[in-house]
Structures are given as C-alpha cells and as structure tokens.
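So the sequence shown is numbered by this note's numbering: it starts at 87 and just counts up by one. Yeah, the Cβ is synthetic: ideal placement off N, Cα and C, and Gly gets one too. In what follows, a structure is listed as structure tokens, so that the remarks can point back to it.
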Amino acid sequence: MKQDSVFATFGIKMTKGTSSFGKRHNKTHTLCRRCGKSSYHIQKSRCASCGYPAKKMRRYNWSKKALRRRTTGTGRMRYLKVVRRKFYHNFQEGLPKSQRKSKAAATQ
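Spelled out as structure tokens, the structure:
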C-alpha cells in the first residue's frame, strides 16, 4: 500500500511542509539603517546583525568570520591610512631638508 493512499483514506494532512510555505507573504525583517543588511526585525525594532538601535555594535567571539567582515581595514580608513603613512617617516613635519635650505637663503 502506498503512503499517499494511507493519508487520503484517513484524511491526514501534512501541514508543516509545502502547503505552509504558500502562506508566507509578509516580511519580518527589512533593511537596517546602520549596517545595510536585511536583518532589522520590524516588530522587535532591533537589527539581528548589528544590534541597532543599541549604541554599541553587536559582536560575539563565537563568530570570528562575522568579526572579520566588519573590522578595521574593511572600510575607507580615511584617517588611519594617513597615520600609517606618517608613521613610516616618524611623524616628521615641515618641508624636506633640501627645500628648507633654499627657502632660508631666499628670505635673507
């Protein structure tokens, strides 16, 4: 006896599977304003990824790969890349030595 015919004779429906998936047409998550991922839960008003609107970013050490995705160096680093360049030259300021001598001679 086939399994399908058994369900048909007793009137048993398998309601947790395919028939239930057709009813899903409302969204629980939308785009987050801070991280840009579609993880902001509308009813909870909380992002599952970054924790917005919490002041501090959501991060856990059990997910190392997620930490790597949004750590320092993944963005523009507008200030830090300038600091790195200055570090290699020991944070020197002013004109190069060759131009300093010529400027001093020109002013006298």
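On the premise that H111 lies in contact with H127, defined as a C-beta separation below 8 Å, what is that separation, rounded to the nearest angstrom? With a Cβ gap of about 17 Å, H127 and H111 do not count as contacting.
If you draw a straight line from the alpha carbon of L166 to that of L181, how long is it in whole angstroms? 22 Å
S135: buried (16+ other C-beta within 10 angstroms of its C-beta) or exposed? buried
Could you check the C-alpha separation between G137 and T104 for me, to the nearest Å? 33 Å
Just to confirm my understanding: we take L153, look at its own chain, exclude 5 residues before and 5 after, and list those with CB closer than 7 Å. What are they? R145
For T104, the first and last residue of its enclosing alpha helix (DSSP H): T104 to F107
K102 versus L117 - alpha carbon distance: 28 Å
Assuming A152 is part of the alpha helix (DSSP H), what are its boundary residues? K150 to R155
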